[in-house]
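Chains as they are written, first to last, in our numbering: chain A, 7 to 258; chain B, 34 to 277.
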């Protein structure tokens, strides 16, 4: 699994390096450029958060592309590894990229804290944190982001395995429909069983408007049965993806 | 095949066994009820025209495709993780990734296969006139075939499956590839080589399997075939596939 990950990283090294440089340039532009054109601190914080979200989406696309390339590649599929290793490598890849993104965001937050911008944001209501979880705040945010990413990635990997098993055109559209369907079913189940806990992708974060965002632990699923539910669903997604890779996915 | 040959075959553990294997792609039958076995220490030619089912047979043996019916065994294992560790398959298209250099493609084999032999790999690189620093996707077709063969034969596998190793390369490169096959083949292993370019390669075969429209139409020792028919394998091939 780790060896597969090593070759995933080697294959994507230039894209990842380019992505990281682009993220840093975007953040610098927002921070420095925002001050030049007198955007409020609240606005700069929301823009930075949106930039992280955008790169989070790119991260998911990178993981999906890497997974798709691996399960279709004749060279990779000839190695004596079970299909679970391809799924595991993709999940580790997602975890690693999310951790790097979080690390950059963490440094950004440290800068905000040390320069007093964070306090200013809290006082002005630009950033509201309602944290009632048993987990300490910084650790809790890391866990919420990493788990939410992993959960979403298991669903996307299953969808990739389904689309790569199909032999007709329009597979991308079908994949999109499956993502919407699965997301809706999961949200409905969470609403029905747990009263709306963890109904979004990153359920704790909300951007209220262009200068206000909130983080509320009660909407995330890191505590209680919501997490167990997601764990079971993720295991089912992985099982189904492995079966499809074994039996149906077309190898080039 | 004679009765004594059958008994001998049963006594020796077979490296590869197909029993009534069939495979369809959509409505097209790629393999029809194919049964065969390959013992150790053999170089077997898998002969057939384009689209006859050679690649499908090899991909099923390599564990890349699943048969619709029938059973496949590689040293007693069903195709999967264990069989992949025993088989070295050279597909008919590049198995290395576009971003890799020759060295990285070899490192990939080394990292995943316990039977990878670094000394053999080094000797093969010299023999094939390949350099570790060359970008694999920038190599010419002939040099890519050499790299593919280097990747496959750098392992000390029980069974080598080579799908069209000389297809699409010029006669000089073809000669070089055939020399490499003979030079680096492990004598206690077996090798199945699929091709429709018989004349160049028939000298190295112990046995040939002819496949036509997904069915195995002939299986015989090359020497016996030549003695019985008074013809070369190439001539016989042209007769069998005359209307294809």
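We treat Cβ as the ideally placed atom computed from N, Cα and C, and that holds for glycine. Computed from a predicted model, the values in this text were never measured in an experiment.
- At a Cβ-Cβ threshold of 7 angstroms, residue 192 of chain B and residue 227 of chain B do not count as neighbours.
- Taking C-alpha positions only, residue 58 of chain B is separated from residue 99 of chain B by approximately 11 angstroms.
- Residues of chain A whose Cβ lies closer than 7 angstroms to the Cβ of residue 129 of chain B are, in chain order, 81.
- Its chain contains 103 as the residues whose beta carbon lies nearer than 6 angstroms to that of residue 65 of chain A, once the 5 sequence neighbours on both sides are disregarded; these appear in chain order.
- Counting C-beta atoms within 10 angstroms of its own C-beta, residue 83 of chain A has 16 or more neighbours from the protein chains shown and is therefore classed as buried.
- Collapsing the DSSP output to three states places residue 104 of chain A in a helix.
- Contact of residue 118 of chain B with chain A is assigned, a C-beta pair being separated by under 7 angstroms.
- The C-beta distance from residue 171 of chain A to residue 254 of chain A rounds to 4 angstroms, short enough to fall under 8 angstroms.
- In the DSSP assignment, residue 99 of chain A is bridged to no other residue.
- If you check each beta-carbon in the stretch 147–168 of chain B against every beta-carbon of chain A, none falls closer than 7 angstroms.
- Here residue 135 of chain A is exposed. Its C-beta has fewer than 16 other C-beta atoms within 10 Å.
- Here residue 257 of chain A carries a coil assignment [DSSP, helix/strand/coil].
- Approximately 5 angstroms separates the beta-carbon atoms of residue 197 of chain B and residue 125 of chain B; this is inside 8 angstroms, confirming the contact.
- The beta carbon of residue 71 of chain B sits closer than 7 angstroms to the beta carbons of 47, 48, 49, 77, 223, 225 from its chain, once the five residues preceding and following it are set aside; these are given in chain order.
- Across the stretch 52–82 of chain A, CB contacts with chain B closer than 9 angstroms involve 75, 79, 80, 81, 82, in sequence order along the chain.
- Among the residues facing chain A, residue 145 of chain B is included, as its CB has a counterpart in that chain under 7 angstroms away.
- When rounded, the separation of the alpha-carbon atoms in residue 110 of chain A and residue 158 of chain A is 21 angstroms.
- Interface criterion met: the Cβ of residue 257 of chain A is under 7 angstroms from a Cβ in chain B.
- For residue 74 of chain A, the secondary structure class from DSSP, reduced to helix, strand or coil, is helix.
- Sequence-distant Cβ neighbours of residue 250 of chain A in its own chain, meaning closer than 7 angstroms and more than five residues away, are 167, 168, 171.
- Here DSSP, grouped into helix, strand and coil, assigns residue 224 of chain B to strand.
- An exposed status is given to residue 145 of chain A, since fewer than 16 other beta-carbon atoms sit within 10 Å of its beta-carbon.
- Counting other Cβ atoms within 10 Å of its Cβ, residue 67 of chain B reaches 16 or more and is therefore classed as buried.
- Here the alpha carbons of residue 148 of chain A and residue 218 of chain B stand approximately 54 angstroms from one another.
- A residue is called buried once 16 or more other Cβ atoms fall within 10 Å of its Cβ, and residue 185 of chain B is buried on that count.
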